[in-house]
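Undergrad:
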Amino acid sequence: MDKEELQAVRNLCCAVVEQAIIDYKQALKFLLLEQAVDSHFQLKDTEKEQGNEHWRMKQTCEYFFRHNELCRLVVRYNPQKVIHHIRKQVLELCEM
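The opening position of the sequence shown corresponds to residue -2 in my numbering, with each subsequent residue numbered one higher.
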């Protein structure tokens, strides 16, 4: 793989991570605005977990951040810090 191909792969991986972050923020914001979660992003009514598309998106994104090895190698981040930082941003946005 030459430098250009490697950069293209890196750009693609970064784009995937960026989209996951956007999806995660949207899911968290919706869950907060609908008051489906508390300020620690825990589901208030666990019986509604199965049918909640935004809750599934939140869980999927968190799984992706924590367990996607390619993502971690290419982007180089601490997944728990990313999750915490995004949650903090969303909380601040929803308080405005």
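Cβ coordinates follow ideal geometry from the N, Cα and C atoms, glycine included.
Between the beta-carbon of K22 and the beta-carbon of I80, is there less than 8 Å?
TA: No, the Cβ-Cβ distance between K22 and I80 is not below 8 Å.
Undergrad: Closest to V87 by C-alpha separation, out of L28, V6 and C10, would be which residue?
TA: The candidate whose alpha carbon is nearest that of V87 is L28.
Undergrad: DSSP has L40 in a bridge; who is on the other side?
TA: In DSSP, L40 forms a bridge with V34.
Undergrad: Taking R63 as the reference, give the member of I18, A12, N49 and E44 with the closest Cα.
TA: R63 has its Cα closest to that of I18, out of I18, A12, N49 and E44.
Undergrad: Using 8 Å as the threshold, is the C-beta distance between D(-1) and C58 below it?
TA: No, the pair does not count as a contact, with Cβ atoms beyond the cut-off.
Undergrad: Can you find at least 3 beta carbon pairs, one from the segment 9 to 16 and one from the segment 25 to 43, that sit closer than 8 Å?
TA: Flag = no, the segment 9 to 16 and the segment 25 to 43 do not touch.
Undergrad: For the alpha helix (DSSP H) that M133 lies in, which residues bound it at each end?
TA: There is simply no residue 133 to check, as the chain begins at -2 and stops at 93 in what is shown.
Undergrad: Taking 6 Å as the limit between beta carbons, can you name the residues of its chain near C91, skipping five residues before and five after?
TA: Cβ within range, chain order: L29.
Undergrad: Using DSSP with H/G/I as helix, E/B as strand and the rest coil, what is D20?
TA: Here D20 sits in helix by DSSP.
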